[in-house]
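Adding 64 to a residue's 1-based position in the sequence shown gives its number in the numbering used here.
Ideal Cβ positions, reconstructed from N, Cα and C, are used throughout, including at glycine.
Inspection log for the structure reproduced underneath, given as structure tokens.
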Amino acid sequence: MNAFFWLVLLSVTWSSIGLCANSANHFSELPSPENFSLEKFENISLNLELVINQRATGLVAKVERVGDQFFLLREDLISVGVAATSLPGTEERLEVTSIPGVNVRYLQSSLQLAIDVPPNWLPMQSLSAQDMGRFSPAQFGRGGLLNYNVFGVYENESRQKEVSINHEVRAFSEFGVFSTTGIFKSNFHRDVQSQQSSQYTRFDTSYEYVNQEKRIRMEVGDYIVRPLSWSQPVRLAGIQLSHDFSMRPDVVTTPLPAFYGEVTAPTTLDLFINGFKTDSMNVGPGPFIINDIPMLSGAGEATVIATDAQGKQTVMTSPFFLSSDLLKTGFTSYSASIGAIRENFGNASNDYGDGGVVTALRHGMTDWLTLEAQAEAKDDLIVAGLGFVTNAFNLGTVDASFRVSNFQDQSTSYALGYSYQSRLFSFAARTQVEQADFYTLSHLPNYEMLDEGKDASLASRHLSQINMGVRLGDWGSLSGGYFDIQQSDSDSRTLNLTYSYALPFNINMSLSYNHSIGGQSVTLAQFSLPFSSLGGSSGLTLKREDDGDVRGRVGYSRLAPIRGGWGVNLAHDINEHPENRKQADLTYRASWAQFRAGLNGTSGDYDYFAEMAGSVSTLDGEIFPANEVYDSFAVVSTSGFEGIPVKYENQIVGVTDDEGYLLVPWATAYYTAKYEIDPLNLPANAAFSATEQFASIHSGYGYLLEFPIELQVALSMTVVDENHLFLPIGTYGRSETGLTSQIGWDGFTYFEGVDPGRYIQFYPQGQPPCTVFIEGLYQRESQKIQTLPEQVCIKAEEETAL
């Protein structure tokens with residue numbers, strides 16, 4: 065049997081070998097496969113996607129293949145970004161394989177035609193290294209604000225008591241902001257004949273309206289004229305119109321450097337500024353420009369590392385110099401002011417002099433040159449000046465100005481400055497000369513002196529200063545300055561040097577030397593040690609004068625936490641004299657005000673003081689006591705839920721009160737800040753759409769930031785049929801108000817919504833629907849999940865019978 069099996073198997077195998085051999089001889093007579101290759105066919109029309117420099121364009125073009133040549137329409141190449149001026153000839157169809165500098169590959173498996181062209185044939189790609197963001201209008205509310213500061217002091221030696229109350233009152237709406245500030249002082253002197261004096265002094269009263277989109281600010285009332293860097297500010301009462309870029313953080317006014325380059329394929333660009341990575345972006349093949357590179361003022365180096373898909377890296381480096389004193393090309397800022405000159409500010413409430421006019425203008429002629437002009441005028445005075453700021457070939461900033469004043473006699477003033485700043489070194493030098501009797505509105509003479517025939521002339525003045533600093537790496541930093549003030553009646557020349565170094569154990573050291581040329585010298589040594597666990601820091605200051613006398617002060621200070629709590633400040637003089645001064649004060653910060661009390665003086669002769677500062681604002685029909693508001697403020701509303709933690713810029717600033725509000729008193733005007741609530745303290749059945757919002761607020765305004773939260777009725781129940789059997793798993797249920805759910809294991813179901821209604825209808829598969837009546841079984845205001853007793857689902861016919 066086995067022999068027969070092997071004989072048959074051998075015969076079959078031998079026959080198969082013979083058959084294969086005959087088949088091979090037969091196929092060898094067929095034509096070669098290359099005769100069927102498309103490469104041997106001419107005038108073949110193909111529909112292929114164009115791939116330019118390894119980037120798929122998505123354009124499927126009609127391509128004519130003739131052997132190894134490929135023809136396509138000129139307009140197809142132009143439509144995928146190839147510059148028309150780079151293509152040869154004028155023919156409608158181009159044979160791309162013969163164009164110099166062009167490489168063509170037919171990708172048969174993916175039906176693509178890969179064309180590599182020189183990068184400069186492709187369009188320029190403009191990239192931004194920072195997200196400038198779109199214009200986001202600042203928000204505002206309608207309400208009012210009262211800032212107050214009550215300060216009392218008792219001087220032990222004079223037995224004098226003084227109480228002062230500073231205030232600011234604001235009212236704001238869509239029509240603008242009205243504000244007024246002032247101080248009330250009351251002094252009580254205890255001597256042979258006790259006497260008391262009280263006085264109220266108004267500081268400023270003004271109305272302000274802004275158009276953020278056009279960057280226009282209008283001020284009416286008391287204001288300070290916006291000066292240039294080489295002019296003096298002056299207080300006027302009238303109207304001022306100005307073009308203010310500060311209300312548009314999305315608008316970059318400073319000329320930022322741009323980085324040019326080109327790549328042959330899709331590439332990832334990593335941007336480094338002074339060795340620190342600041343951004344990463346993708347770019348297609350071709351030339352590119354990176355605009356708006358974010359960086360600090362001064363000189364530095366920008367480096368771009370380009371990495372293609374194969375991992376090949378190319379490094380491109382470019383130096384830069386940036387100055388915030390320059391305006392971009394075409395950018396203009398200005399101010400125009402007219403009003404009465406404010407006199408005796410701080411001492412008199414309504415002391416106004418003659419009228420005056422002030423105008424100022426800055427314009428970016430180019431990215432490296434900004435021109436400036438300023439003029440002041442009154443009935444017997446005209447001051448006019450011109451100036452410029454320029455980038456000196458990336459070696460620093462040069463500024464100069466020249467002014468003429470014609471009060472009584474013509475007098476001039478000029479200034480010249482240079483500044484340079486880099487990551488390791490900074491240098492600045494400036495000189496300013498004013499001839500005798502150079503008057504402006506800010507320092508007009510006292511006319512009573514002129515009327516009385518007294519000398520009210522101004523002396524000539526020459527001010528020169530040099531500042532420089534250098535970072536020494538691990539060895540700290542060194543800075544110094546020289547100041548030379550020359551006047552006809554006095555001269556002053558001062559030299560100062562400061563060295564800072566971080567000692568072991570986190571101790572910071574600062575050594576200073578101040579020398580008045582022709583006068584005395586003072587040497588200071590300061591040491592500070594922060595305490596991370598306790599908070600605050602301790603400090604030691606030593607002072608040595610020319611006579612060899614050494615004085616010192618040791619102290620400890622801890623600021624009151626933003627969220628509220630205690631702060632302390634302690635100090636004690638150390639010297640050879642017995643009358644060492646001491647100082648101690650304690651601060652408590654509550655959510656509605658801040659309190660401080662303390663003493664200072666020598667043993668047995670202390671002065672005592674106490675202070676209370678805060679604000680009261682109204683918004684959304686509510687009154688909010690809080691800490692002082694210096695700029696704008698936001699009121700966070702959690703729809704009446706109390707005890708909800710609120711974060712400002714990822715830092716917890718407090719919890720909402722029993723009405724569901726929290727006032728955040730330190731919002732920065734026009735800055736888009738992040739406000740966030742922590743929902744963990746909300747009831748389990750609370751529904752909310754968002755836990756964070758971003759908002760910017762107009763200067764001087766308050767804004768209500770609402771987080772809509774509402775309680776949902778949460779019901780859990782077990783549902784059975786009329787035979788007290790659980791409804792089948794997956795049975796669909798729908799309430800009267802449209803809430804839906806399904807039956808789970810053991811007849812369990814859960815409904816959640818603002819209003820479940822009076823009943824729930826279930827639809828068991830293969831059975832008629834049935835109804836569960838829930839009216840009166842739950843509480844709408846409950847802040848927890850309500851578990852109902854077992855419910856019987858009544859079928860429709862039974863429901864009708866009922």
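Quiz item: For Met311, does the count of other Cβ atoms within 10 angstroms reach 16, so buried, or fall short, so exposed?
Solution: Counting Cβ neighbours within 10 Å, Met311 comes out buried, since at least 16 surround it.
Quiz item: Looking only at its own chain, which residues have a Cβ that is under 7 Å from the Cβ of Gly364, when we skip the five neighbours before and after it?
Solution: Hits under 7 Å: Ile337, Asn338, Phe384, Ser486, Arg487.
Quiz item: Bridge partners of Val700, per DSSP?
Solution: DSSP output for Val700 lists Leu726, Leu769 as bridge partner(s).
Quiz prompt | CB of Phe771 within 7 Å of CB of Thr702, strictly | solution = Inclusion of Phe771 and Thr702 in the CB contact set at 7 Å is warranted, their separation being smaller than that value.
Self-check item: Proximity below 7 Å, CB of Arg299 to CB of Arg406
Solution: Taking 7 Å as the Cβ cut-off, Arg299 and Arg406 qualify as a contacting pair.
Quiz item: Straight-line CA distance for Val347 to Thr378?
Solution: Taking the straight line joining both Cα atoms gives about 14 Å.
Quiz item: Is the stretch 390 to 407 in contact with the stretch 422 to 433, if contact means three or more CB pairs nearer than 8 Å?
Solution: Yes: at least three Cβ pairs fall under 8 Å.
Quiz item: Whole-angstrom Cβ separation of Arg622 and Val614, contact assumed at under 8 Å?
Solution: Contact check for Arg622 and Val614: beta-carbon distance about 28 Å, past the 8 Å limit, so the pair fails to qualify.
Quiz item: Alpha carbon to alpha carbon, what distance is there between His231 and Gly246?
Solution: Straight-line Cα distance between these residues: approximately 6 Å.
Practice problem: Give the DSSP-derived three-state secondary structure of Ser602 in the structure shown. | Solution: Residue state, collapsed to three classes: strand.
Practice problem: Consult DSSP for Leu505 and reduce its assignment to one of helix, strand or coil. | Solution: Helix, per DSSP.
Quiz item: Helix or strand or just coil, what does DSSP make of Pro43?
Solution: This structure does not reach residue 43, given that the chain is present from 65 up to 866, and the question cannot be answered.
Exercise. State whether the stretch 467 to 480 contacts the stretch 340 to 354, with contact taken as three or more CB pairs (one from each stretch) at a distance under 8 Å.
Key: Using a C-beta cut-off of 8 Å, the stretch 467 to 480 makes no contact with the stretch 340 to 354, since fewer than three inter-stretch Cβ pairs fall below that distance.
Quiz item: Can you round the beta-carbon distance between Tyr620 and Gly600 to whole angstroms, since I take them to be within the 8 Å contact cut?
Solution: In this structure Tyr620 is in contact with Gly600, their Cβ atoms being roughly 6 Å apart against a cut-off of 8 Å.
Quiz item: Can you tell me where the beta strand (DSSP E) with Ile357 in it begins and where it stops?
Solution: Per DSSP, Ile357 is not a residue of any beta strand (DSSP E), being assigned neither H nor E.
Quiz prompt | Nearest-angstrom Cα separation, counted from Leu634 out to Ala754 | solution = Taken atom to atom, the span from the alpha-carbon of Ala754 to that of Leu634 is near 45 Å.
Quiz prompt | Span of the beta strand (DSSP E), counted from its first residue to its last, around Arg622 | solution = Unbroken beta strand (DSSP E) run through Arg622: 614 to 622.
Quiz item: Does the beta-carbon distance from Tyr271 to Gly285 come in below 7 Å?
Solution: For Tyr271 and Gly285, yes; Cβs fall inside 7 Å.
Quiz prompt | Straight-line gap, Glu816 to Phe705 (C-alpha atoms, nearest Å) | solution = Distance from the CA atom of Glu816 to the CA atom of Phe705, rounded to whole angstroms, is 19 Å.
Quiz prompt | Pick from Arg557, Trp539, Ser541 that is closest to Phe547, judged by C-alpha positions | solution = It is Arg557 whose Cα lies nearest to the Cα of Phe547.
Quiz item: So, Pro828 versus Thr795, is the Cβ gap smaller than 7 Å?
Solution: Yes, they are a contact pair.
Quiz prompt | Euclidean distance between Cα positions of Ser173 and Thr381 | solution = Approximately 40 Å, taken between the alpha carbons.
Quiz item: Looking only at C-alpha atoms, which of Arg157, Phe134, Leu386, Phe248 sits nearest to Gly410?
Solution: Sorting Arg157, Phe134, Leu386, Phe248 by C-alpha distance to the C-alpha of Gly410 places Phe248 at the top.
Self-check item: Per-residue burial, Ile357 [other beta carbons within 10 Å of its own, 16 or more giving buried]
Solution: Label assigned to Ile357: buried.
Self-check item: Best match in Phe267, Ile571, Leu726 for proximity to Ala301 [C-alpha to C-alpha]
Solution: Closest option to Ala301, Cα to Cα, is Phe267.
Quiz item: What residues in its chain sit with their C-beta under 6 Å from that of Met573, if we drop five residues either side in the sequence?
Solution: If you ignore the 5 residues before and after Met573, its C-beta comes within less than 6 Å of the C-beta of Tyr565, Leu567, Phe591, all in its own chain and listed in chain order.
Quiz item: Cα separation between Ile142 and Leu171?
Solution: In a straight line, the C-alpha of Ile142 is about 21 Å away from that of Leu171.
Exercise. Go through its chain and collect everything with a Cβ distance to Asp444's Cβ below 7 Å, but skip five positions before and after it.
Key: Cβ neighbours of Asp444 beyond the five flanking positions: Phe471.
Exercise. List the whole-angstrom C-beta distance separating Thr161 from Phe134, where the pair is believed to meet the contact cut-off of C-beta under 8 Å.
Key: Yes, they are in contact, since the Cβ atoms of Thr161 and Phe134 sit about 6 Å apart, within 8 Å.
Quiz item: To which residues does DSSP link Ser580 through a beta bridge?
Solution: Per the DSSP secondary-structure output, Ser580 pairs in a beta bridge with Thr558.
Quiz item: Does the beta-carbon distance from Ile116 to Ile163 come in below 7 Å?
Solution: No, Cβ-Cβ distance for Ile116 and Ile163 is not below 7 Å.
Self-check item: DSSP-derived helix/strand/coil call for Glu365
Solution: Strand.
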